[in-house]
Amino acid sequence: MDHHVPLIATIAAALGLALLLGFVAARAKLPALVGYLVAGVLIGPYTPGFVADTALASQLAEIGVMLLMFGVGLHFSLGDLMAVRKVAVPGAVVQMAAATAMGGGMALWWGWSPAAALVFGISLSVASTVVLLRALENLGILETFNGRIAVGWLVVEDLAMVLVLVLLPPVAEALGGTAGTSAQDLWRSIGKTLVQVSLFVALMLIVGRRLFPWLLWQVQKVGSRELFTLCVVAAAVSIAWGATKIFGVSFALGAFFAGMVLRESQFSHRAAEETLPLRDAFAVLFFVSVGMLFNPVVLVEQPLRVMAVVAIIVLGKSVAAALLVLLLRYPLNTALAVSASLAQIGEFSFILVGLGAALKVMPPEAQSLVVAGALISIAVNPFVFKAIGPLQRWLLERSQLARDLNARDDPLAELPMTTEEKYLARQVVLVGYGRVGRHVAMALRDAGVPFVVADQNREVVERLRAEGVPAVVGDAAQPEVLVQAHVARAAMLVVATPDTLGVRQMARNARLLNANIEIVVRSHNEAEAALLEKEVAGKVFIGERELARAMTDHVMARCTQV
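Its first residue numbered 508, the sequence shown is counted upward by one per residue in my numbering.
Next comes the structure, spelled out in structure tokens:
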């Protein structure tokens, strides 16, 4: 038997070492992604010992890219993006432009070509969706307003990067100084690329969104779990490959639209669950292959450049994002949360810098600098998130400007003078107008009970006021927001937001302003509910418990009718 099996050796070494180092990173309270990248460094060609097959690793990485982008498309929600579009869209676009200018300008100063500077700058401008989602989940703030803004911001970045991956080859060719390349040739190449992409997108939206769900339905009727999983994966990889061969677009774009099309079907949640283990495994191989591109010598030979790259990622674009959020009249804590979310780079940066290398426009050290920046920024990102609270308190204690920004004169931060008296006394103060808050508001409206909404989303408050509903914008954990909602004369405070971190402060401030107010909050689990009932001294509802109670009532009612 031939024991020269480089594919098996590469997979075994990559997954085994990634498991070990990912576990070590997790135990050290770091993202496991750091361990995967270090595993790639250790089996790469720039470190002694076992060296994995680079060519095979790159092909496995391509599969990882397909499945990663398929997952991004599968979870892409236009509705979530539209809810925060007024801050996410302009913020992401301007922040990416600022970071690209910083990174590209620095690369030009180093003597790189315009094409290399462009690719390098863009690669530093986009944060990792994978890292962000896991960070927000670990902190329990994924479903909060700040979490939704951060995710929406990165969705805009992802969409922009999809466009960049499409347009980069013709632009890089022109910027690279190819002989005979004129402005007319450049626009002709860009036009051809956009036509190809448009044809592919139209085909996917017109045919794919009908054919793909129908195919899944036929497979699902067989009742085989493995066939269903196989159908989803085969469709994702086949569409990505076909998009490249027929329309000339990237694997990433093809897989992204495959996920978007699948999201339209009723099987999207099941498809996400069934393919998650496979996506995770190949994503690990992708990050390991990226680590193989890293030459540790760059840390010794070019430490100042590495420090400059990390400074742009962690400080430069974070400060730019925070200033943009403040300019859009959002509070200080939102600005700090968004800036922390962007203080890292990840999968899109690797894909882009890899494309730049394939186009032969990047100098040899570019990939190592980007991977070094990713390793360091991802490693410090959890500590950046933990620093938000202390930093905000420090700023508020020592800076009058910070206090002014936190309590700025905002017309949406207080009720209009024309608000009717019935909304100012014995009303219900409803904190949060999400999925739960909307149902509560609908019931109150139908019953004729006056209520005032407090929400951090300016778009929501603007829409509610246009509909004639009294609403104020702001974080209800701050006493001035509750004051503006007239909680001092309210009959009840209903906290419908999923953010339980600020519930205690809301309840404490509400009791100080109105000792007799009744408080109703929501919780996620039994243990948290028990603590809240003691500390808040109000009624606590648990989602699972209420679901079980409603199902039980329905079952018992039906059984008694039989």
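C-beta: ideal position from N, C-alpha, C; glycine also.
Predicted model, so just to flag it, every value in this text is computed and none were measured.
Tell me, to the nearest whole angstrom, how far the beta carbon of residue i is from that of residue j; I am working on the premise that it is less than 8 Å.
i	j	result
SER565	ALA606	The Cβ separation is near 27 Å, so there is no contact.
GLU763	LEU706	It should be pointed out that residue 763 corresponds to Phe in this sequence rather than to Glu. 16 Å between Cβ atoms; not a contact.
PHE758	VAL572	6 Å
ILE820	ILE852	6 Å
VAL960	TYR930	That pair is no contact at about 10 Å.
VAL1027	VAL988	About 18 Å; that fails the 8 Å criterion.
ALA790	LEU575	5 Å
VAL726	LEU734	5 Å
VAL878	LEU544	7 Å
ASN1016	PRO977	Between PRO977 and ASN1016 the Cβ distance is about 19 Å, and since that is not below 8 Å, they are no contact.
GLN934	ALA998	7 Å
PRO871	TRP619	With a Cβ gap of about 11 Å, PRO871 and TRP619 do not count as contacting.
THR554	PRO803	7 Å
ALA479	ALA546	An answer regarding residue 479 cannot be provided, because it is not within the stretch 508 to 1069 covered by the chain.
ALA909	LEU839	6 Å
Return the residue from the list the options that minimises the CA-CA distance to residue i.
i	options	result
VAL744	THR1004, VAL877, ALA765 and GLY730	ALA765
LEU664	VAL601, ILE883 and PHE627	Just to set this straight, residue 664 is Glu in the shown sequence, not Leu. Of the listed residues, the one whose Cα sits closest to GLU664 is VAL601.
ALA642	LYS536, MET603, TYR543 and GLN703	LYS536
PHE793	ALA1044, LEU563 and LEU811	LEU563
HIS993	VAL1047, ALA1036, GLU927 and ALA973	GLU927
ALA595	LEU666, MET609 and ALA1022	LEU666
GLY761	GLY523, VAL669, ILE883 and PRO957	VAL669
ALA604	ARG534, TRP619 and SER630	SER630
ALA577	VAL804, THR782 and TRP724	Position check: residue 577 holds Phe in this sequence, whereas Ala was assumed. Nearest option by C-alpha distance: THR782.
GLY715	THR700, ALA747 and VAL768	VAL768
ARG1011	ALA1064, GLY981, GLU1042 and LEU1019	GLU1042
ALA815	LEU672, GLY628, LYS1046 and LEU1039	GLY628
SER875	LEU866, GLN907 and VAL807	VAL807
ASN1021	SER906, VAL990 and GLN899	VAL990
VAL920	GLY944, ASP953, ALA973 and VAL980	Residue identity differs from the one stated: residue 920 is Ala in this sequence, not Val. Among GLY944, ASP953, ALA973 and VAL980, the Cα nearest to that of ALA920 belongs to VAL980.
ALA973	LEU922, VAL805, MET1013 and GLY955	LEU922
LEU712	GLY944, ILE746 and GLU966	ILE746
VAL967	MET1013, VAL591 and ALA829	VAL591
ARG970	ASP953, SER635, ASP982 and ARG945	ARG945
GLY542	ILE885, GLY975, GLY598 and ILE1049	ILE885
Quick check: what's the CA-CA separation for residue i versus residue j?
i	j	result
TYR837	ALA827	14 Å
THR685	LEU862	With a pLDDT of only 47 at THR685, under the threshold of 50, the placement of this residue in the model should not be trusted; the figure read from the coordinates follows. Those two C-alpha atoms are separated by around 17 Å.
HIS1031	VAL740	33 Å
PHE557	LEU834	52 Å
LEU859	LYS893	30 Å
VAL817	ARG655	26 Å
THR651	CYS1066	40 Å
THR751	PHE890	40 Å
VAL1062	LEU1054	12 Å
LEU822	ALA850	7 Å
ASN1023	ARG996	9 Å
LEU528	ALA948	49 Å
VAL832	PRO897	20 Å
ALA950	GLU569	51 Å
ALA788	LEU514	15 Å
MET799	VAL729	42 Å
ALA519	PRO720	35 Å
MET613	PRO621	11 Å
LEU672	ALA1057	49 Å
GLN963	VAL938	9 Å
ARG770	LEU646	27 Å
VAL795	PRO676	25 Å
GLY687	GLN703	Because the pLDDT of GLY687 is 47, which lies under 50, any placement of that residue in the model is unreliable, and the question is left without a value.
LEU710	THR700	15 Å
GLY611	ALA778	40 Å
ALA623	ALA865	12 Å
ALA983	ASN653	13 Å
Is residue i near the ligand FMN, with its Cβ less than 7 Å from a heavy atom?
i	result
VAL807	This structure simply doesn't include the ligand FMN, nor any ligand for that matter.
Strictly by DSSP, which residues pair up with residue i?
i	result
ILE713	DSSP lists no partner for ILE713.
PHE958	VAL935
ARG1029	PHE1048
Item to check | Length-filtered (4 minimum) alpha helix (DSSP H) runs lying within the region 800-828 | outcome: 804-808 and 810-818
Checklist entry - Can you list the alpha helix (DSSP H) stretches of 4 or more residues lying completely in the region 536-567, in chain order? => result 539-549
Item to check | Runs of alpha helix (DSSP H) wholly within the region 849-898 (minimum 4 residues, chain order) | outcome: 854-865 and 871-893
Item to check | Inside the region 948-1005 only - alpha helix (DSSP H) runs reaching at least 4 residues | outcome: 965-973 and 986-991
Item to check | Complete runs of the alpha helix (DSSP H) confined to the region 729-791 [at least 4 residues] | outcome: 732-754 and 758-770
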